[in-house]
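Numbering (mature numbering (1 follows the signal peptide of the UniProt record, and there is no 0)), first residue to last: -18 to -1, 1 to 136. No residue lacks a Cβ here, since even glycine has one placed at the ideal position from N, Cα and C.
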């Protein structure tokens, strides 16, 4: 019995430390962008690979309805390595801007995985974050979608 209790406790500790990409990364941050084509979780992509991301802001269970009435500013796509949840924010080892100036009405963008990435301790915990800000909404919330984890390796 003592052995099973120890195993259960260690499994709970591991699952509690896993990064939940659906949770806000900061104040007034909402998981409200649907990326329905992109990088599959737990996949491996090579540097220099071109990927088409398709996205929209159709209503979801993650997104409060009042936010759908406000237009998003230009979208950005960023890479984050090893994000870790803090009390009210997310920290990370490295981040890289992939592309910005993407119009919401386009609904798609082709990105290129950078050939030159910063040195990291673990190349298997990259996340791709698509984000925008609702500049005309009260308190200017940010909206996002995060894909990952995935590995970037040649």
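Can you list the beta strand (DSSP E) stretches of 3 or more residues lying completely in the region 14 to 87, in chain order?
Along the region 14 to 87, the beta strand (DSSP E) occurs as fully enclosed runs of 3 or more residues at 16 to 19, 32 to 38, 57 to 63, 76 to 84, listed in sequence order.
Verify whether the separation of the beta carbon atoms of residue 102 and residue 63 is less than 8 Å.
Yes, the Cβ-Cβ distance between residue 102 and residue 63 is below 8 Å.
From 72, 86, 105, 99, pick the residue whose C-alpha is nearest to that of residue 4; which is it?
72
Enumerate in chain order the residues of its own chain whose CB-to-CB distance from residue 106 is below 6 Å, with the five nearest sequence positions on each side excluded.
133
By Cβ distance below 8 Å, which residues in the same chain neighbour residue 116 in space, the five residues on each side in sequence not counted?
49, 52, 53, 54, 55, 122, 123, 124, 125
Go through its chain and collect everything with a Cβ distance to residue 2's Cβ below 8 Å, but skip five positions before and after it.
67
By Cβ distance below 6 Å, which residues in the same chain neighbour residue 75 in space, the five residues on each side in sequence not counted?
63, 64, 102
DSSP has residue 102 in a bridge; who is on the other side?
In the DSSP output, where bridge partners are listed per residue, residue 102 has none listed.
If residue 136 and residue 28 are in contact, beta carbons under 8 Å, what's the gap, nearest whole angstrom?
For residue 136 against residue 28, the beta-carbon gap comes to about 5 Å, under 8 Å, which counts as contact.
Does DSSP classify residue 115 as helix, strand or coil?
strand
Report yes if the C-beta distance between residue 130 and residue 23 is below 8 Å; otherwise report no.
Yes, they are a contact pair.
Take the Cβ of residue 92 as the centre, count every other Cβ of all protein chains shown within 10 Å, and call the residue buried at 16 or more, exposed below.
Counting Cβ neighbours within 10 Å, residue 92 comes out exposed, since fewer than 16 surround it.
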